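Notes follow once the structure below has been shown.
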Amino acid sequence: MVKIFKLKNIISIKDFEREDIEYILDEASKLEDIAQSKAISDELKGKVLGLMFFEPSTRTRISFETAMKRFNGQCIGFASSDSSSVSKGESIADTAKMFEAYSDALVIRHELEGVSKFISDLVDVPVINAGDGAGQHPTQTLLDLYTIRDEIGSIDNLNIALIGDLKFGRTVHSLAQSLTLFNNVKIYLVSPPELRMPQEILHDLNKTNVEYVEVDNIEDIIDDVDVLYVTRIQKERFVDIDDYLKIKGAYIINKKMLEGKDLIVMHPLPRIDEIAGDVDDTKYNKYFKQAANAVPVRMAILKTLIKNNPK
Ligand code: NCD
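According to our numbering, the stretch in the sequence shown is residues 108 to 418, in order.
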């Protein structure tokens with residue numbers, strides 16, 4: 108049976124079924140060779156990707172650009188609101204309409220939840236959410252799942268700890284929701300009480316057979332997990348900086364804690380102080396590999412969306 112990918116836009120991981128996720132992961136596996144050898148294919152020659160980044164980004168923006176360039180495509184766009192006419196007062200809607208005219212797909216990062224969805228309703232080209240405030244980060248989740256499948260062999264039967272800022276961290280929101288599509292998954296939600304996973308996501312978990320528990324300490328769960336998924340405290344989302352300073356440094360993973368354990372450490376990056384430098388040279392470190400996996404996964408996303416939705 109020929110598999111098809113049904114989604115036109117990638118806005119929320121909740122729009123995905125398991126087969127949609129597997130489609131992108133399988134496509135990404137096939138593209139590993141091009142990504143790793145830094146070769147160029149003509150798959151998207153003549154196509155243009157519009158990058159609208161209203162919030163800071165290193166990996167997400169650069170890996171989308173790299174993915175497009177590996178296919179011999181072009182990128183246009185801006186990396187901060189300051190360098191676009193939004194800073195002169197132009198509306199996001201008008202800006203998006205211009206990008207629609209200039210490009211074959213749009214990648215959007217914005218500090219407000221729902222902006223990518225709003226734009227996808229205005230334009231005809233595919234829209235990819237590259238992070239909307241404390242909402243979703245679905246393409247990060249796809250590369251996280253790719254990394255888990257690659258390193259552990261399967262996403263089913265997984266015991267995973269999501270650690271850090273579960274309240275504001277969009278990567279853990281999307282990742283937790285995606286895991287509801289897999290079998291026999293147990294999630295440990297490790298955070299200070301102030302930064303617990305939002306109720307609506309717990310509600311989504313409750314509707315499925317994913318098992319989850321909320322805990323305060325890494326030590327209580329470290330022997331039971333296959334993956335420690337560590338996140339930074341999202342300083343920019345705190346209204347009161349003192350609240351941030353109270354929690355900062357709450358969890359730090361170091362080499363000694365990991366010794367003798369059978370697990371991998373992941374992090375969407377950037378890391379601040381959550382993972383000590385002495386973990387970098389150990390077998391537990393999969394966060395740099397995870398960041399490198401962004402290229403084949405985003406190549407798979409761009410190829411699929413742009414080919415399925417010609418202008
Ligand atoms: C994350 C993000 O922007 O949500 N970074 C990323 O895209 N890899 C994580 C973060 O900023 O903490």
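Beta carbons: idealized from backbone N, C-alpha and C, even for Gly. The structure displayed is predicted, hence computed values, not measured ones.
Of L376, E381 and E258, the smallest CA-CA separation from I354 is found for E381. For the ligand NCD, the residues with a Cβ under 7 Å from any of its heavy atoms are, in chain order, S164, R166, T167, G238, H244, Q247, G276, R277, T278, T338, R339, Q341, P375, L376 and P377. The beta carbon of L138 sits closer than 7 Å to those of P403, M406 and A407, all from its chain and outside the five residues before and after it, given in chain order.
When C-beta atoms of the segment 185–198 are compared with those of the segment 143–157, fewer than three pairs fall below 8 Å, so the two segments do not count as touching.
In this structure, DSSP gives Y295 an extended state, which the three-state scheme calls strand. For L370, there is no enclosing beta strand (DSSP E), as DSSP gives it neither H nor E. Within the segment 305–347, the runs of beta strand (DSSP E) at least 3 residues long that lie entirely inside it are, in chain order, 318–322 and 334–337. M373 sits close to K393, with the two beta carbons spaced by under 8 Å. Within the same chain, Y253, P403, V404 and A407 come within 6 Å of A135 by CB-CB distance, once the 5 residues on both sides are set aside. The closest CA to that of I120, considering only E126, D257, S281 and R344, is found on S281. Of the other Cβ atoms in all chains shown, fewer than 16 fall within 10 Å of the Cβ of E307; this residue is therefore exposed.
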